Every structure is written in structure tokens, then in C-alpha cells.
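*Asks:* Quick note on this note's numbering: the sequence shown kicks off at 43 and runs consecutively. Glycine is no exception: its CB is placed at the ideal position from the N, C-alpha and C atoms. Everything numeric in this text was worked out from a predicted model, so none of it was measured. One structure coming up, written as C-alpha cells, with questions to follow.
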Amino acid sequence: MKGIKLITLIILSTLTVKGQKIFPQDTIDTDNGPLVITFVGHASLIFEWNGETIHIDPSSREANYYKLPKATMIFVTHHHGDHCDPASLKAISQEKTKTFISSIAHEKWNQGMVLRPGQAVTVKGIGIETLPAYNIVHKRDDGTPYHVFGECNSYVITLGEKRIFIGGDTENTPEMKALQNIDIAFLPMNLPYTMTPEMVADGAKGFKPKILYIYHYGKSDLDQIRTLMADETEVELRIKRM
Numbered sequence: 043m044k045g046i047k048l049i050t051l052i053i054l055s056t057l058t059v060k061g062q063k064i065f066p067q068d069t070i071d072t073d074n075g076p077l078v079i080t081f082v083g084h085a086s087l088i089f090e091w092n093g094e095t096i097h098i099d100p101s102s103r104e105a106n107y108y109k110l111p112k113a114t115m116i117f118v119t120h121h122h123g124d125h126c127d128p129a130s131l132k133a134i135s136q137e138k139t140k141t142f143i144s145s146i147a148h149e150k151w152n153q154g155m156v157l158r159p160g161q162a163v164t165v166k167g168i169g170i171e172t173l174p175a176y177n178i179v180h181k182r183d184d185g186t187p188y189h190v191f192g193e194c195n196s197y198v199i200t201l202g203e204k205r206i207f208i209g210g211d212t213e214n215t216p217e218m219k220a221l222q223n224i225d226i227a228f229l230p231m232n233l234p235y236t237m238t239p240e241m242v243a244d245g246a247k248g249f250k251p252k253i254l255y256i257y258h259y260g261k262s263d264l265d266q267i268r269t270l271m272a273d274e275t276e277v278e279l280r281i282k283r284m
């Protein structure tokens with residue numbers, strides 16, 4: 043993309059698991075060794091870094107998690123089935139797995155540490171900040187937001203010197219746009235549950251992550267976000283098959 047700053051070395055690869063689809067990967071250098079990101083599908087991700095295997099919103103809709111690496115950490119953004127799937131959580135959990143989960147999701151998977159918006163903790167040297175993930179514009183027919191303020195989480199996870207924002211299901215909220223020093227961001231883009239391309243661009247231009255991944259995009263027109271971000275020289279847009 044013209045004018046984009048290449049700040050971090052990216053090595054493109056894939057993860058092949060016997061009997062499963064090929065999952066795209068990126069490898070990003072950090073001060074504590076490589077961060078390998080596996081794009082499982084939809085909102086499901088895996089981070090492998092410094093001996094940790096971190097699963098984000100594992101869902102059996104996207105993969106057979108019994109065939110994927112066991113988790114040392116799991117982050118669950120909220121209770122909807124494409125983000126909180128007890129079968130997948132069971133498949134990757136071990137005795138020492140640390141799970142971080144929203145309060146309502148904890149009713150479905152009664153394990154782990156409940157984190158509410160505004161909380162911050164450090165576990166195993168990894169910084170974790172929790173932000174509210176919610177809808178402002180998009181609502182159900184009865185006027186209830188698809189994601190109600192206070193019920194769902196976004197996370198900022200700090201791995202070494204890299205600050206990574208996991209949006210979960212959210213819109214371009216003031217809390218998101220106030221973020222600072224984000225190296226990598228994952229923003230959702232599909233209707234009616236999350237953001238339009240215009241909302242994603244507005245959010246990203248507000249907090250300017252160095253690398254922006256679009257995920258949870260369903261059948262959205264990806265060319266729209268490419269066009270909207272084309273002149274943003276401080277943000278590197280990356281879109282993976284999910």
C-alpha cells in the first residue's frame with residue numbers, strides 16, 4: 043500500500059493441521075522472540091509467543107480444537123456462541139491454563155478469571171487491560187443493542203513491547219478511539235452485529251494502530267475498507283482469509 047510505514051517484519055506462512063483446513067499465519071518480531079499469529083477463522087485466533095499459546099475466542103464452528111495446540115491462556119470476549127464455545131474451551135484447556143472471560147460468558151464456562159471493563163491485571167508478565175465492547179448504532183428490533191455496554195469485553199494484551207488490541211464484537215466506541223500506542227489491532231466488520239467499513243476506518247484513524255487486521259468480516263466488501271484506509275500512512279492494513 044502506497045506510503046505505508048513498514049515498522050515490523052512480517053513473515054507470511056500457514057499452519058496445516060492433519061484433517062483440517064490450512065490456517066494463515068503471520069510472524070512478527072518482538073523483543074522477546076517471534077509472535078506467531080494463526081488466523082483460525084471468524085473471531086478465533088492463536089498467538090504463540092515466548093512459550094505461551096494464547097487462544098482468542100475459540101469456536102468449533104471454525105476448527106476441531108482437539109487437533110489444535112493446547113492453551114496456556116484463553117481470552118473470551120463475550121457470551122455469544124461464535125466467541126464462547128464450551129466444547130472448544132474444553133478441548134484446549136489444561137490444568138494450568140489461565141482463562142480470562144466476560145461475566146456473562148462465565149455463566150456458560152464456569153472457569154477462569156472474570157474481567158470487567160476497566161480492569162487491568164498482569165499475569166505471567168503479560169499485561170491485560172479490559173475495555174467495554176458494545177453497539178451504539180446497531181440494535182435489535184426492540185431497540186436493544188446487539189452487544190450491551192458492560193456485558194462484553196475488548197482486550198489490550200501486552201506481549202513484550204507489543205500492545206495488541208482485540209476488539210471482539212464492538213463498534214467504533216470512544217473507549218476504542220482513545221487507545222494509545224497500539225501496535226496490532228483486530229477490528230470486526232460485519233453487519234448488523236459490529237461495524238461498517240466506515241466505522242472501522244473511523245475507529246482505526248482515531249487510535250492509529252501500526253498494523254490493522256480486519257476480522258469477523260463475514261461477507262463484507264473488503265474493497266471498501268481498503269479504499270477508506272488507502273491514504274492512512276500511519277496504519278498498515280492487513281486482511282487474512284478467515
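Give the straight-line distance between the Cα atoms of Glu149 and His122, rounded to the nearest whole angstrom.
*Replies:* Those two C-alpha atoms are separated by around 12 Å.
*Asks:* Could you tell me whether the stretch 75–84 touches the stretch 235–245, using the rule of 3 or more Cβ pairs below 8 Å?
*Replies:* These segments do not touch.
*Asks:* If you follow the beta strand (DSSP E) that Ser130 is part of, which residue opens it and which one closes it?
*Replies:* Where Ser130 is concerned, there is no enclosing beta strand (DSSP E), although the alpha helix (DSSP H) it sits in stretches over Pro128 to Ile134.
*Asks:* What three-state label does DSSP hand Lys318 in the structure shown?
*Replies:* Because the chain in this structure spans residues 43 to 284, residue 318 falls outside the shown range and cannot be described.
*Asks:* So for Phe249, helix, strand or coil by DSSP?
*Replies:* Phe249: helix per DSSP, three-state reduction.
*Asks:* Give me, in chain order, the residues of the same chain whose beta-carbon lies closer than 8 Å to that of Pro111; leave out the 5 immediate sequence neighbours on both sides.
*Replies:* The residues are Ile88, Glu90, Thr95 and Ile134.
*Asks:* Please confirm whether Lys219 and Phe249 have their CB atoms less than 7 Å apart.
*Replies:* Yes, Cβ-Cβ distance for Lys219 and Phe249 is below 7 Å.
*Asks:* What number of angstroms, rounded off, separates the C-alpha of Ala272 from the C-alpha of Gln136?
*Replies:* Rounded to the nearest angstrom, the two C-alpha atoms are 43 Å apart.
*Asks:* Am I right that Ile178 and Ile199 are in contact with their C-beta atoms under 8 Å? What's the rounded C-beta distance?
*Replies:* Not confirmed; about 24 Å, so no contact.
*Asks:* What is the DSSP secondary structure of Val242, reduced to helix, strand or coil?
*Replies:* Three-state result, Val242: helix.
*Asks:* Which residue from Gly210, Ala162 and Val242 puts its Cα closest to that of Glu274?
*Replies:* Of Gly210, Ala162 and Val242, the residue nearest in Cα terms is Val242.
*Asks:* Helix, strand or coil, according to DSSP, for Asp265 in the structure here?
*Replies:* Residue state, collapsed to three classes: helix.
*Asks:* Here's the rule: buried if 16 or more other CB atoms are within 10 angstroms of the residue's CB, otherwise exposed. What is Gly245?
*Replies:* It is buried - the Cβ of Gly245 has at least 16 other Cβ atoms within 10 Å.
*Asks:* When you compare each of His258, Val277 and Asp265 to Arg103 by their alpha carbons, which one comes out closest?
*Replies:* Nearest C-alpha to Arg103: His258.
*Asks:* Give me, in chain order, the residues of the same chain whose beta-carbon lies closer than 8 Å to that of Glu193; leave out the 5 immediate sequence neighbours on both sides.
*Replies:* His120, His121, Ser144, Ser145, Ile146 and Tyr176.
*Asks:* Look at the alpha carbon of Arg268 and the alpha carbon of Met284, and state the distance between them as a whole number of angstroms.
*Replies:* Each residue's alpha carbon lies about 16 Å from the other.
*Asks:* How many Å lie between Lys138 and Asp68 at the Cα?
*Replies:* Going by the C-alpha atoms only, they are around 27 Å apart.
*Asks:* Pick from Gly154, Asn152, Pro174 and Lys166: whose alpha carbon is nearest that of Gly160?
*Replies:* It is Pro174.
*Asks:* Which of the three DSSP states is assigned to Pro159 in this structure?
*Replies:* Looking at Pro159 - three-state DSSP - the assignment turns out to be coil, as it is neither helix nor strand.
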